[in-house]
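Written out below as structure tokens is the structure these notes cover.
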Amino acid sequence: MRKKHLAALLLAMAVAPALAQTKVYRGDVLTVSGVIRDELGNPVPGAEVQLLEGATVLDSTTTGSDGSFTLSWQVPRDHELGPVTLTVYVPEQPSLYVEASSTTLSVEVWALAVLTASGPQRIHRGDTIAITGSVQGMDSGTVEVRRGGVTVATGPVREGQFNVSLAVPSDWPKGPLVLTVTTQAGSYVDVEECQVSAELWIRPEIVVTEVSGG
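Numbering (our numbering), first residue to last: -4 to 209.
Okay, structure coming up:
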């Protein structure tokens, strides 16, 4: 679980300029910290501060003696991908003579597709082999198996699992080889591809050209 941190500053209960857009992955914890001050620059302790997505309260807290606050939000693993606007909101608080104020934060929610795969360690020309594995963070899609940057096989991802059949070409050289397993990522998806190592062995053909006796 990753953590992302944003700094937010509310001055004189006015809306502060929006901060630069931050990239956060599903499952990450986004942390927003800042301080509440009055128009004279004095901290405002004991003030309620909320983190909102639309009308939904993601987190709330109370400022400390120095006016500081920290809010956090764990991005749901099924959250919609793409730009999200969050709001740091100070509701009106008559007991503190504090008027309502807010500032917005721009966030991009991304998915991280992490692939793991395995296959046979010894292969032969003409064999049909299976490359199997899983994709964490992606339930469906297409997996590509590449050698030297060239796609040599593809297969579907179903419920985060895949099983790709690969016909070993007759022109592959013998010896060690590395296959890269990746996926066709959509928008707002990062991919951590993986590699499968194998060795191509030959099946020698024995040709007897002559048999002679004494």
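The beta carbon of each residue, even a glycine, is placed where N, CA and C say it ideally should be.
Cα-Cα separation, Trp196 to Leu172: Within the sequence shown, the letter at position 201 stands for residue 196. Within the sequence shown, the letter at position 177 stands for residue 172. Answer to the nearest angstrom: the Cα atoms are 11 angstroms apart.
Bridge-paired residues (DSSP) for Tyr92: In the sequence shown, the residue the question calls residue 92 occupies position 97. Partner(s): none; Tyr92 has no beta bridge.
Local conformation of Pro151 per DSSP, three classes: Translated into positions along the sequence shown, residue 151 becomes position 156. Here Pro151 sits in strand by DSSP.
Return helix, strand or coil for Gln179, following the three-state DSSP convention. Counted from its first residue, the sequence shown places residue 179 at position 184. Correct three-state label for Gln179: coil.
Gly62 in three-state terms, based on DSSP: Within the sequence shown, the letter at position 67 stands for residue 62. Gly62: coil per DSSP, three-state reduction.
Could you check which residue in Gly41, Asp33 and Ala125 has the C-alpha nearest to that of Ala259? With the chain covering only -4 through 209, there is no way to say anything about residue 259.
Under a three-way DSSP split, which group does Arg198 fall into? Locating residue 198 in the sequence shown gives position 203, where the first residue counts as 1. Coil.
Use the C-beta contact count for Ser113: other C-beta atoms within 10 angstroms, 16 or more gives buried, fewer gives exposed. For this step, residue 113 is matched to residue 118 along the sequence shown. Per the 10 Å Cβ criterion, exposed.
Would you mind working out which of Ser135, Asp23 and Asp166 sits nearest Pro151, comparing C-alpha positions? Indexing the sequence shown from 1 puts residue 151 at position 156. Nearest C-alpha to Pro151: Ser135.
For the beta strand (DSSP E) containing Pro78, name the first residue and the last one. The residue labelled residue 78 in the question sits at position 83 within the sequence shown. Note, Pro78: beta strand (DSSP E), Gly77 to Val85.
By DSSP's criteria, Ala42 is part of a beta bridge. Which residues make up the other side? Taking the first residue of the sequence shown as position 1, residue 42 is located at position 47. In the DSSP output, where bridge partners are listed per residue, Ala42 has none listed.
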